[in-house]
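Engineer: Right, I'll just put the structure down here and ask away after.
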Amino acid sequence: MKQFYIIIFFLLAFSSIFFTSNCNENDWRNDPQYQNKELEAKLQKSKTEILSKKKKNYELTFGYNSKQDAIKYFLEEIQKSDKSIPLKSFISWSDQVDVIFPNTYGFGTALDSNSLEDYKVILYEREKLGMEMIHSTLSTSFAIQNIEWEKPRFYNELKAHKPKVVIRTKAGLQELTQIKMVYEIGNKYIVGVVGP
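Positions -20 to -1, 1 to 176 (mature numbering (1 follows the signal peptide of the UniProt record, and there is no 0)) are the ones given, in order, by the sequence shown.
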């Protein structure tokens, strides 16, 4: 009788090991292909949406007549804002989706590897932090001392200008490194990239 229990014990132990290891091998949660299917579907949907907006001519909903005006009005609006309202002088999400992304997609930006939904969150956090940093730098009065421009970058129909902005405040001269890019589309300019 003792041998019978030993045999049953070994059979149960062996079968539990076999079934447990077999379950782990077939566990869909551990399958990278299954995990990535949802992400791939989101990326494909975003890519399709972005590329469907590709066209020959684009127009910004709102823009300024010069790069300098775009920066000037952007800084003035940040200085007066309570940091919680969307800025008129900063590119809107709809203009980004309809105008900017169809031109910059495929140029190695984070947009290439993120869905629109995820990219919006990434951009929002960077923009919020950058604008808060600018807001804290601007005192009650400031003046733009100098703006230097790097050679423009071309992304299909979009021209992107990278500025180096120096302002004078009560604390003295300060460089604002948070304004990363001013976009030019159809002779209109708008601040388009802000970050820490």
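By construction, the Cβ of each residue, glycine as well, lies at the ideal position given by its N, Cα and C atoms. Here the structure is a predicted model, which is why all the values come from computation and not from measurement.
Which residues share a DSSP beta bridge with H141?
Structural biologist: Answer by DSSP bridge pairing, in chain order: V162.
Engineer: Rounded to a whole number of angstroms, what is the C-alpha to C-alpha distance between T41 and I159?
Structural biologist: Looking at the two C-alpha atoms, the distance is approximately 20 Å.
Engineer: How far does the beta strand (DSSP E) with F134 in it reach, from first residue to last?
Structural biologist: Looking at the DSSP string, the run of the beta strand (DSSP E) that includes F134 is 133 to 135.
Engineer: Using only the alpha-carbon positions, how far apart do E137 and I30 sit?
Structural biologist: So the alpha carbons of these two residues sit roughly 14 Å apart.
Engineer: Starting from E128, trace the beta strand (DSSP E) in both directions and tell me its first and last residue.
Structural biologist: Note, E128: beta strand (DSSP E), 123 to 129.
Engineer: First and last residue of the alpha helix (DSSP H) that includes K110?
Structural biologist: Before going further, note that residue 110 is Gly rather than Lys in the sequence given. 96 to 117 is the span of the alpha helix (DSSP H), which, as asked, contains G110.
Engineer: Whole-angstrom Cβ separation of Y44 and K168, contact assumed at under 8 Å?
Structural biologist: The Cβ separation is near 7 Å, so the contact holds.
Engineer: How is F42 classed by DSSP in three states: helix, strand or coil?
Structural biologist: It is coil, neither helix nor strand.
Engineer: What does the Cβ neighbour count give for K47, buried or exposed, with the cut at 16 atoms within 10 Å?
Structural biologist: Label assigned to K47: buried.
Engineer: Given that a residue counts as buried once 16 or more other Cβ atoms are within 10 Å of its Cβ, and exposed if not, what is T120?
Structural biologist: Classification for T120: exposed.
Engineer: Assuming the contact rule is C-beta atoms closer than 8 Å, E107 and G175 should be a hit. Round their C-beta distance to whole Å, please.
Structural biologist: Right, the Cβ-Cβ distance comes to about 7 Å (below 8 Å), so this counts as a contact.
Engineer: Give me whichever residues DSSP pairs with E155 in a beta bridge.
Structural biologist: E155 is bridged to V146.
Engineer: By the 10 Å Cβ neighbour count, where 16 or more other Cβ atoms means buried, how is E164 classified, buried or exposed?
Structural biologist: Label assigned to E164: buried.
Engineer: For K22, I'd like the list of residues in its chain whose CB is within less than 8 Å of its CB, leaving aside the five on either flank, ordered along the chain.
Structural biologist: Same-chain partners within the cutoff: S95, E97, D98.
Engineer: Return the CA-CA distance between Y38 and V79, expressed in angstroms with no decimal places.
Structural biologist: Cα-Cα distance, rounded: 6 Å.
Engineer: For the beta strand (DSSP E) containing Y169, name the first residue and the last one.
Structural biologist: Element bounds for Y169: 168 to 174.
Engineer: Excluding the five sequence neighbours on either side, which residues of its own chain have a C-beta within less than 8 Å of the C-beta of F134, listed in chain order?
Structural biologist: Answer for F134: A140, listed in chain order.
Engineer: Apart from the five residues on each side of it in sequence, which residues of its chain come closer than 8 Å, Cβ to Cβ, to T117?
Structural biologist: Closer than 8 Å at Cβ, skipping near neighbours: I147, T149, Q154, L156.
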